[in-house]
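Data first, discussion second: the structure below is written as structure tokens.
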């Protein structure tokens, strides 16, 4: 399944799994998610600590590192997170969904862990076989430098950032209006930003921006661009230059990113704002993975403010499931929900005990086996069950089979039947199963 | 791991997995858990439906069947449940732990699904290799018949039952006192119960009780005993008679059981009340699995009260983890938390790019590979990392290796080294790994 594929990729990069609890102290989550904090679920005060349900896996991971004084770790975590959906509506709904996170924590040299995260995303997307994709890359320092270069004051960077973040699902005109009206940014600055966020490219764009008069005057921009130059060099060594693009419109909503940020977009699902305006407000259309560097988060939970630099990625596995499902529907293939290999059928009455003996033998031989839970099921119902559930083999017993010490082995798909000596049954089933696979 | 072993057993019996949400409507959980209801976690009313966190996986499963009008299914579910620990204390604590449940829902013939659940428990315990165990079996109708036979009025059956349930962790004298003082049962009736709950046996005990004057006058007792006679016949066919015992002191706490009940006890951990009185109040000592038949629960969620008979089992996997852990400690074996096969080591400075090329090649060949995230790590640190993390192979590169188009392959365990042509590297690693396993 999807989870196994993803776990395999995580383990290939040497990650261990750490399981953090579903509850966190309410104060742990406070002030980490910006505008989205209103979606956090709180537990009722039943006379203990005030708790909330985790909103993502990143903040609990950072809290865990600080609490356990862990300086270095590479971990993955696949678990559900909880959000209140449409909290403005009278009838609140809850949402729970899986996140699959991989993070590298530790004080290391620039861009080596970051490049590995991007490589990992490409491995996962290749292996899930979701079709063409592109990984957009940007850097918070480049964004900050860009805002400064355009004349945005420091205290409006995060607001500008969350407005730019909406560019993948709405028109520039809307983003522009938000920046001016809601965030109170000077229209001249906003129009300068509008020019920059159109830019996409690879190393040539990095070089061009390092030559840009306004940008190169900003220390933050230069640092970010130097990082990206190293990153793109490493991504070339990892052979994935054709899968990545430096995109100045990528901002990502969460406050805690401090360095490189990235987001993988499936090409067939890429949103064209000009083609129509609506869509899911809460997730970028086509986005299946995202992440970045967050060097300040662990320090927020440490009593002495000791920082542990981190970089990570989260796979949007619910999106992946939706795509897989729509594909299965399109190709009209029914996915089996069980893995049963053999169904033990009685062709006559009063054979439940014989069926049980056979089931025991097959279970003990590690063959996935079912039988009817009725004493005297109809033969037709039993064969129907095999067909409906795509069970490949039926073992049929009747009075004559028992007398002769044999069973009838039927290949359900072809309806081909053969008589098998009872003592050869397990062996024969295993060989048929090996051939069917 | 433990989960995989358990899932394999569940699938061997043809179960599919169904995932129900972690929240339920508060009213769904109300009145299902008797005294334990005070341990349920409620969510804060943030303007939507009143929700609680699931307390077990059985009630949500029953609610799911009723809501989706499902008449037949065999499902497993491995997920966390949530309980408030020591809610009486000022500083409330939360507890979350895994449950592993398997259930068969459907209108079937007597004892066929029930026997399969018991067989499944024995398969799981055999495969987890936890040592000797015994599966205690009883029947709610036998208990009810026994209470009636002793002169307990109908409305005090459940109270008597929850008192008897404590027999595995406390003395009879305490249970007796609880029945008389708290549950208000006549001391003469209680002393009669005291005689019955000492009885343990197999088919001979079933036969004996069917001859017992007081018991055979109770329709409920006779029905239950007839069920058990069939069950023990089936368990004999399943070859596990030596693993089961009919034990009249087994009661199980939850209200919703209506038929056969069972509980698996590890022998090394069996509790002897005479040896000392305390212990964990909330779980039976040594108990690693339990379950039974609950034919009325689904009907409680159906608008027309339509019943779906169910029988299931829950594996106490946290107990299993604790046992595994204490064993690992005793034998002083450190369990690896990662599965990394190769560590790429640079023996000189400025080889990070060469290491990256090798990592790419190994990852793309599905070999679990790590490297240092530093540009110029010390050789000693890198070898130390391999040792600490039990990584079996180091691939070492230096200037001379690169010049000659080779790498040095070191078996970390034996420190044996060999020079390998770069283009043969993947092949050689795979063959070394195959030999090491």
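Protein chains in written order, with my numbering: chain A, 831 to 1267; chain B, 831 to 1267. C-beta: ideal position from N, C-alpha, C; glycine also.
Considering just the uninterrupted stretch of the alpha helix (DSSP H) at residue i, what are its terminal residues?
{"i": "residue 968(A)", "result": "Here residue 968(A) belongs to no alpha helix (DSSP H); instead the beta strand (DSSP E) covers 963-969."}
{"i": "residue 1037(B)", "result": "1033-1041"}
{"i": "residue 1066(B)", "result": "1049-1067"}
{"i": "residue 1076(B)", "result": "No alpha helix (DSSP H) holds residue 1076(B); the beta strand (DSSP E) holding it covers 1074-1077."}
{"i": "residue 892(A)", "result": "888-897"}
{"i": "residue 1182(B)", "result": "1182-1194"}
{"i": "residue 1276(A)", "result": "Since the first residue shown for chain A is 831 and the last is 1267, residue 1276(A) is missing from the structure and cannot be characterised."}
{"i": "residue 860(A)", "result": "Taken as a continuous stretch (DSSP letters only), residue 860(A) belongs to no alpha helix (DSSP H), as it is neither H nor E."}
{"i": "residue 1209(B)", "result": "1209-1218"}
To the nearest whole angstrom, what separates the beta carbons of residue i and residue j, a pair I think is in contact under 8 Å?
{"i": "residue 1212(B)", "j": "residue 1202(B)", "result": "6 Å"}
{"i": "residue 1261(B)", "j": "residue 1227(B)", "result": "In fact, because the Cβ distance is near 20 Å, the residues do not count as touching under 8 Å."}
{"i": "residue 844(B)", "j": "residue 1218(A)", "result": "Not confirmed; about 13 Å, so no contact."}
{"i": "residue 1124(A)", "j": "residue 1087(A)", "result": "5 Å"}
{"i": "residue 1138(B)", "j": "residue 1128(B)", "result": "4 Å"}
{"i": "residue 879(B)", "j": "residue 852(A)", "result": "That belief does not hold up - the Cβ atoms of residue 879(B) and residue 852(A) are roughly 19 Å apart, past 8 Å."}
{"i": "residue 856(A)", "j": "residue 872(A)", "result": "6 Å"}
What does residue i touch in chain B if you count any residue whose Cβ is under 7 Å from its own?
{"i": "residue 926(A)", "result": "851, 852"}
{"i": "residue 1186(A)", "result": "1064, 1067, 1068"}
{"i": "residue 939(A)", "result": "1203, 1204, 1205"}
{"i": "residue 1183(A)", "result": "1067"}
What residue range does the beta strand (DSSP E) around residue i cover?
{"i": "residue 1268(A)", "result": "No answer is possible for residue 1268(A): the residues shown for chain A start at 831 and end at 1267."}
{"i": "residue 1124(B)", "result": "No beta strand (DSSP E) contains residue 1124(B), which DSSP labels as neither H nor E."}
{"i": "residue 1253(A)", "result": "Note, residue 1253(A): premise wrong, no beta strand (DSSP E); not H, not E."}
{"i": "residue 1175(B)", "result": "1172-1176"}
{"i": "residue 1201(B)", "result": "1199-1201"}
{"i": "residue 1227(A)", "result": "1223-1227"}
{"i": "residue 945(B)", "result": "Not the beta strand (DSSP E): residue 945(B) falls in the alpha helix (DSSP H), residues 942-958."}
{"i": "residue 853(A)", "result": "853-855"}
{"i": "residue 1007(B)", "result": "Counting along the chain, residue 1007(B) falls outside any beta strand (DSSP E), though it belongs to the alpha helix (DSSP H) covering 1002-1007."}
{"i": "residue 1297(A)", "result": "An answer regarding residue 1297(A) cannot be provided, because it is not within the stretch 831 to 1267 covered by chain A."}
With DSSP as the reference, identify every bridge partner of residue i, one or two as the case may be.
{"i": "residue 932(B)", "result": "906(B), 1143(B)"}
{"i": "residue 1020(B)", "result": "Note: residue 1020(B) sits in no beta bridge, so no partner."}
{"i": "residue 927(A)", "result": "911(A)"}
{"i": "residue 1117(A)", "result": "1095(A)"}
{"i": "residue 872(A)", "result": "882(A)"}
{"i": "residue 846(A)", "result": "905(A)"}
{"i": "residue 1090(B)", "result": "969(B)"}
{"i": "residue 1246(A)", "result": "For residue 1246(A), which the question treats as bridged, DSSP gives no partner whatsoever."}
{"i": "residue 1013(A)", "result": "Per DSSP, none; premise fails for residue 1013(A)."}
{"i": "residue 1030(A)", "result": "1077(A)"}
List the residues of chain A that residue i touches, going by C-beta distances under 7 Å, in chain order.
{"i": "residue 943(B)", "result": "1203"}
{"i": "residue 1170(B)", "result": "844"}
{"i": "residue 1196(B)", "result": "842"}
{"i": "residue 1167(B)", "result": "846"}
{"i": "residue 1190(B)", "result": "1067, 1068, 1069"}
{"i": "residue 996(B)", "result": "Those within 7 Å of residue 996(B) in chain A number zero; the least Cβ separation is about 26 Å."}
{"i": "residue 910(B)", "result": "852"}
For residue i, decide whether its Cβ has a neighbour in chain D, counting only Cβ atoms nearer than 9 Å.
{"i": "residue 871(A)", "result": "Checking the listed chains, one finds no chain D in this structure; the protein chains it contains are A and B."}
At a CB-CB cut-off below 9 Å, which residues of chain B make contact with residue i?
{"i": "residue 1086(A)", "result": "None at all; the shortest Cβ gap to chain B is about 21 Å."}
{"i": "residue 1046(A)", "result": "Result: empty, since nearest Cβ-Cβ is about 25 Å, beyond 9 Å."}
For a contact meaning CB atoms closer than 8 Å, what does residue i contact in chain A?
{"i": "residue 936(B)", "result": "1203"}
Residues of chain B with CB closer than 8 Å to the CB of residue i, please, in chain order.
{"i": "residue 1193(A)", "result": "842, 843, 949, 953"}
{"i": "residue 1179(A)", "result": "The contacting residues do not exist; residue 1179(A) stays about 12 Å from chain B at best."}
What does residue i touch in chain A if you count any residue whose Cβ is under 9 Å from its own?
{"i": "residue 1200(B)", "result": "843, 844, 904"}
Inset, instruction - Report yes or no: do three or more beta-carbon pairs, one from the stretch 974-984 of chain B and one from the stretch 939-948 of chain B, lie closer than 8 Å? - result: no
Inset, instruction - Tell me, please, whether the stretch 1016-1027 of chain B touches the stretch 1056-1066 of chain B by the rule of three or more beta-carbon pairs shorter than 8 Å. - result: No, the stretch 1016-1027 of chain B does not touch the stretch 1056-1066 of chain B.
Legend entry - the stretch 1188-1206 of chain A contacting the stretch 1138-1154 of chain A, beta-carbon criterion three pairs below 8 Å: Judged by Cβ distances under 8 Å, the stretch 1188-1206 of chain A makes no contact with the stretch 1138-1154 of chain A, as fewer than three pairs qualify.
Inset, instruction - Please determine if the stretch 908-916 of chain A and the stretch 1125-1133 of chain A are in contact, where contact requires at least 3 C-beta pairs separated by less than 8 Å. - result: no
Inset, instruction - Would you check if there are 3 or more beta carbon pairs closer than 8 Å linking the stretch 1068-1086 of chain B to the stretch 861-869 of chain B? - result: yes
Inset, instruction - Decide if the stretch 928-935 of chain A is in contact with the stretch 891-903 of chain A; the criterion is three or more beta carbon pairs, one per stretch, under 8 Å apart. - result: yes
Inset, instruction - Examine the Cβ distances between the stretch 1028-1039 of chain A and the stretch 1068-1083 of chain A and report whether three or more of them are shorter than 8 Å. - result: Yes: the two stretches touch, three or more of their Cβ pairs being nearer than 8 Å.
Legend entry - the stretch 949-964 of chain A / the stretch 979-989 of chain A touching (three or more Cβ pairs under 8 Å): no
Inset, instruction - Decide if the stretch 844-853 of chain B is in contact with the stretch 1246-1257 of chain A; the criterion is three or more beta carbon pairs, one per stretch, under 8 Å apart. - result: no
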